[in-house]
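In what follows, a structure is listed as structure tokens, so that the remarks can point back to it.
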């Protein structure tokens, strides 16, 4: 059960990281 929590946390962290990267890229493309 503890392992599942760690995996879920890692996936959540990765998703948040990619979301931030995409958001930053979108901001850079603004005029």
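Numbering (my numbering), first residue to last: 11 to 41.
For glycine and all other residues, C-beta sits at the position ideal for the given N, C-alpha and C.
Rounded to whole angstroms, what's the CA-CA distance from residue 11 to residue 29? Just pull it up for me. Against the chain shown, residue 11 aligns to sequence position 1. Against the chain shown, residue 29 aligns to sequence position 19. Whole-angstrom Cα-Cα distance: 27 Å.
Determine the direct distance from the alpha carbon of residue 39 to that of residue 20, and round the result to whole angstroms. Within the chain shown, numbered from 1, the residue matching residue 20 stands at position 10. Within the chain shown, numbered from 1, the residue matching residue 39 stands at position 29. Taking the straight line joining both Cα atoms gives about 29 Å.
Expressed to the nearest angstrom, what Euclidean distance is found between the alpha-carbon atoms of residue 13 and residue 41? Within the chain shown, numbered from 1, the residue matching residue 13 stands at position 3. Within the chain shown, numbered from 1, the residue matching residue 41 stands at position 31. Cα-Cα distance, rounded: 45 Å.
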